[in-house]
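See below for the structure under consideration.
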Amino acid sequence: MKSSISISNVNRIYKDSDGNRVEALKDVNLEIKPGEFISIIGPSGCGKTTLLRLIAGLDKPQTGQLFIDGAEITGADPSRGYVFQQGSLFPWLSVRNNIAYGLRARNVYKSKKENIENYIELVGLKGFEKSYPHQISGGMAQRVAIARALINEPKALLLDEPMGALDSFTRADLQDKLLELWKKDGTTMVLVTHDIDEAIYLSDRIVIMTPRPGKISKIIDVNLSRPRQRGSASFLDMRRQILEFFELAQAIPQPEYNI
Numbered sequence: 000m001k002s003s004i005s006i007s008n009v010n011r012i013y014k015d016s017d018g019n020r021v022e023a024l025k026d027v028n029l030e031i032k033p034g035e036f037i038s039i040i041g042p043s044g045c046g047k048t049t050l051l052r053l054i055a056g057l058d059k060p061q062t063g064q065l066f067i068d069g070a071e072i073t074g075a076d077p078s079r080g081y082v083f084q085q086g087s088l089f090p091w092l093s094v095r096n097n098i099a100y101g102l103r104a105r106n107v108y109k110s111k112k113e114n115i116e117n118y119i120e121l122v123g124l125k126g127f128e129k130s131y132p133h134q135i136s137g138g139m140a141q142r143v144a145i146a147r148a149l150i151n152e153p154k155a156l157l158l159d160e161p162m163g164a165l166d167s168f169t170r171a172d173l174q175d176k177l178l179e180l181w182k183k184d185g186t187t188m189v190l191v192t193h194d195i196d197e198a199i200y201l202s203d204r205i206v207i208m209t210p211r212p213g214k215i216s217k218i219i220d221v222n223l224s225r226p227r228q229r230g231s232a233s234f235l236d237m238r239r240q241i242l243e244f245f246e247l248a249q250a251i252p253q254p255e256y257n258i
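For the sequence shown, numbering that gives the first Met the number 0 gives the first residue as 0, with consecutive numbering after it.
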């Protein structure tokens, strides 16, 4: 299931704990095509997660509008799945019941419960159905969170640094699993990440945001064939270009596999 997302002249301002006015986002405009895989990168505090929350309907802008398939986003909806950085699983529920939670919340468990086993298999957790969050690894917990979001058959999957706390090997494995799911269903995906290599490896386009107030400073098309090789000359050249755009590269960097 695919969906288009349109962000028009969005501004978001809030007050911090000291009562100071904070301009998180300013004049953000973005068009996301149905079935695209988009990554949003930028320095800490630039409004990446704020923008993702606005798309999810978990927050509202002061001015501007957000649309999905032409309908204005006015609140949270199961048609937009959201995966948090730490997975946010219910510790008292098994893997199976965590995945089933969304179906129960929507009162469609009886008609959709046969899909649970399919998603358990899709995310590679066959044999762990009865395990609890404390009994599985961080990478497996993130797979549960992704399956829990996907089982509602969302039009868009929003991912807030879901691989940020994982070790490099687990992260690479989960990146490949995410691509496998994306190719299978064609779900529109929007990923917030600090990892440039991750953005290049996964994305059709990379949205680069400025420091606060967050604006979109550049959108880069990732015209690399799939499957992508992190050590290839074209991959490293794109990485260098993005680093130079951030003014972080003083010279051509040596290969560094930050996956």
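No residue lacks a Cβ here, since even glycine has one placed at the ideal position from N, Cα and C.
Residues V9, N10, R11, G46, T49, L50, P212 and G213 of the same chain have their beta carbon placed closer than 7 Å to that of L24, with the five preceding and five following residues left out of the count. Scanning F168, S43, Y13 and D172 for the CA closest to the CA of V191 turns up S43. By the criterion of a C-beta distance shorter than 8 Å, I4 is surrounded in its chain by L29, E30, I31, I54, L65, F66, I67, A155, T187 and V189, once the five residues flanking it on both sides are discounted. Distance from the CA atom of M208 to the CA atom of Y131, rounded to whole angstroms, is 38 Å.
Only residues of its own chain outside the window of five on either side were considered, and among them S93, V94 and R95 have a CB closer than 8 Å to the CB of K129, listed in chain order.
DSSP, read as helix, strand or coil, puts T48 in helix. With respect to the C-alpha of D203, the residue from P153, V21 and M237 having the closest C-alpha is M237. Here I219 is bridged, per DSSP, to I205. Of I199, A70, R239 and V82, the smallest CA-CA separation from S7 is found for A70. The C-beta distance from V122 to A146 rounds to 5 Å, short enough to fall under 8 Å. Approximately 11 Å separates the beta-carbon atoms of P77 and G56; this is outside 8 Å, ruling out the contact. The alpha-carbon of V143 is positioned some 8 Å away from that of L88. Taking the CA atoms as reference points, L201 sits about 32 Å from R103. If you draw a 10 Å sphere on the C-beta of N106, you find fewer than 16 other C-beta atoms in it, and that means exposed. Annotation: the continuous beta strand (DSSP E) that includes T187 extends over T187 to V191. Burial of S2 is indicated by the presence of at least 16 other C-beta atoms within 10 angstroms of its C-beta. Around the beta carbon of A232, a 10 Å sphere encloses fewer than 16 other beta carbons of the protein chains shown; the residue is thus reported as exposed.
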